[in-house]
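Chemist: With the first letter of the sequence shown counted as 1, position 212 gets the number 1084 in my numbering; the numbers rise by one all the way through.
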Amino acid sequence: MNQITVTGMVLSTAPISEYDRRVVILTKEQGKISAFAKGARRQNSPLVGAVNPFSFGEFTLYAGRNSYTIQSVRIQNYFAELREDIIGAYYGFYFLEFTIYFTKEANDEREMLKLLYQTLKALTNTKIPNRLIRYIFELKALCFNGEGPQVFQCVCCGDKERSAVFSPQKGGLVCSECDRDVIDGICLNNSTLYSMQYIETSKIEHLYTFVVKENVLDELGRVMERYRDIYIDKRFKSLEILETLL
Ligand SMILES: [Zn+2]
873 MNQITVTGMV
883 LSTAPISEYD
893 RRVVILTKEQ
903 GKISAFAKGA
913 RRQNSPLVGA
923 VNPFSFGEFT
933 LYAGRNSYTI
943 QSVRIQNYFA
953 ELREDIIGAY
963 YGFYFLEFTI
973 YFTKEANDER
983 EMLKLLYQTL
993 KALTNTKIPN
1003 RLIRYIFELK
1013 ALCFNGEGPQ
1023 VFQCVCCGDK
1033 ERSAVFSPQK
1043 GGLVCSECDR
1053 DVIDGICLNN
1063 STLYSMQYIE
1073 TSKIEHLYTF
1083 VVKENVLDEL
1093 GRVMERYRDI
1103 YIDKRFKSLE
1113 ILETLL
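1. Can you name the start and end residues of the alpha helix (DSSP H) that residue 1007 belongs to?
2. Which same chain residues end up closer than 8 Å to residue 1036 when comparing Cβ atoms and leaving out the 5 residues on each side of it in sequence?
3. Is it right to say residue 1099 is buried, meaning 16 or more other beta carbons lie within 10 angstroms of its own, or is it exposed?
4. With DSSP as the reference, identify every bridge partner of residue 1039, one or two as the case may be.
5. Identify whether residue 980 lies in helix, strand or coil by the three-state DSSP scheme.
6. At which residues does the beta strand (DSSP E) containing residue 877 begin and terminate?
7. Please list the segments of the alpha helix (DSSP H) lying wholly inside the stretch 1021 to 1091, counting only runs of 4 or more residues, in order along the chain.
8. Please classify residue 895: does DSSP put it in a helix, a strand, or coil?
9. Could you tell me whether the stretch 928 to 936 touches the stretch 1005 to 1025, where touching means 3 or more Cβ pairs closer than 8 Å?
10. Helix, strand or coil: which one does DSSP assign to residue 912?
11. CB of residue 1050 to nearest heavy atom of ligand 1: below 7 Å?
12. Are residue 1008 and residue 942 closer than 8 Å when you measure CB to CB?
13. Throw me the rounded Cβ distance for the residue 898 and residue 919 pair, which I believe falls under 8 Å.
14. Rounding to the nearest angstrom, what Cα-Cα distance links residue 1053 and residue 1039 in this structure?
15. With DSSP as the reference, please indicate the residues paired to residue 946 in a beta bridge.
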């Protein structure tokens, strides 16, 4: 029998026929996969509690010719705290939807899986504002996708000394010698720039170890919004719902 065990997180589930579910899982071993959870909608199925969004653990799958079928699951973390925190949960759903959009099948997605796990863990930590978690996640995910902004030197000439503005359209900093045709330049607060530099270079496990002042958080929000508008060509349903809740 063609059985494999993978470690991963459930990104989404959808009902199929009367008793089954189709589950999308981001795995360490196979990138993003779809799998059938047969009988998962029956009350007494062992899969009932296991194949929900945010479930992280080991999935034993039967690999058919065209599809996977989940045989058993050993959950290590449900992120149960998010069930009692509707705002936190919607931030979480947004991170899952974002991950579905940014990951591929049969691709090495270990970094994204690690980022998602640490990000959900950060959501359960009340000391870090949800907005900051969101901007950190978005910026780091864009970097993994090769679309992170240049925040260390001028994108045009590589200069690191001259004063510079941040241009979402140009993809990062533009120095005072090269900024003639920049129309969307933002003069960044030093702390905002430093935060972005830290997020881009930090290891995933060290990402959620700082907080910023309210004005820096606001500026980071404005920068990320303009940057997202240019580089992400997708409307996220969960984000629209989240924005109505805030
Ligand atoms: Zn320059």
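Ideal placement from N, C-alpha and C gives every residue a C-beta, glycine not left out.
Small disclaimer: the values here were computed from a predicted structure and weren't measured.
Modeler: Looking at the coordinates:
1. 1002 to 1016
2. 1026, 1045, 1046, 1047, 1048, 1051
3. buried
4. 1044
5. coil
6. 875 to 888
7. 1062 to 1073
8. strand
9. no
10. coil
11. yes
12. no
13. Residue 898 to residue 919, Cβ: 18 Å. No contact.
14. 10 Å
15. 930
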